[in-house]
Amino acid sequence: MAADINALIDQLSQLTVMEAANLVKELEKKWGVSAAAVAVAAGPAAGGAAAAPVEEKTEFTIVLANAGANKINVIKEIRAITGLGLKEAKDLVEGAPKTVKEGVNKDDAKKIKDQLTAAGATVEVK
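Under this note's numbering, the letters of the sequence shown match residues 570 to 695, in that order.
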């Protein structure tokens with residue numbers, strides 16, 4: 570059976586574009602199906618004009634853009650979020666813009682942003 574399939578593949582590979590289009594039409598009639606969905610999906614990839622579908626981002630980076638006026642509360646939140654010591658957290662806050670955490674999921678990113686924003690910081694999620 571594998572030899573038959575390989576022979577069929579070889580024969581189909583030798584078809585011109587017009588012959589392949591006619592074959593598709595004939596198979597659609599015979600089997601009562603449509604290859605339109607396949608053609609639409611293959612169209613942009615073959616044409617190269619359309620961009621590939623954008624995958625939903627699953628990992629985010631939290632960046633402290635500005636600590637704001639209430640640095641002490643922001644330092645406390647940074648320590649709670651990252652587990653850093655007092656000096657490291659203070660250095661991070663005073664050195665803004667700095668990355669707070671990388672590779673977090675969407676829910677955690679929102680939670681961290683809300684925590685820091687409530688403490689008075691300006692935060693970017695990338």
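The beta carbon of each residue, even a glycine, is placed where N, CA and C say it ideally should be.
- Sequence-distant partners of Gly672 (beyond 5 residues in either direction) whose C-beta falls short of 7 Å from its own C-beta, in its chain, are Glu628.
- For Ala589, the CB contacts under 8 Å within the same chain, skipping 5 residues up- and downstream, are Leu581 in chain order.
- By a beta-carbon distance limit of 8 Å, Ile681 does not contact Lys659. Their separation comes to about 18 Å.
- Note that the C-beta distance between Val694 and Ala634 is not below 8 Å.
- Just so you know, the alpha carbons of Lys656 and Val662 end up roughly 10 Å apart.
- In this model, Met587 and Val602 are separated by some 19 Å (Cα to Cα).
- With at least 16 other beta carbons inside 10 angstroms of its own, Glu646 counts as buried.
- Within the same chain, Cβ atoms closer than 7 Å to the Cβ of Ala690 are found at Leu633, Asn635, Ala636, Gly637, Val643, the five residues on either side in sequence being excluded.
- Within a 10 Å sphere around the beta-carbon of Ala678 sit 16 or more other beta-carbons, which makes this residue buried.
- The secondary-structure analysis by DSSP pairs Glu693 across a beta bridge with Val632.
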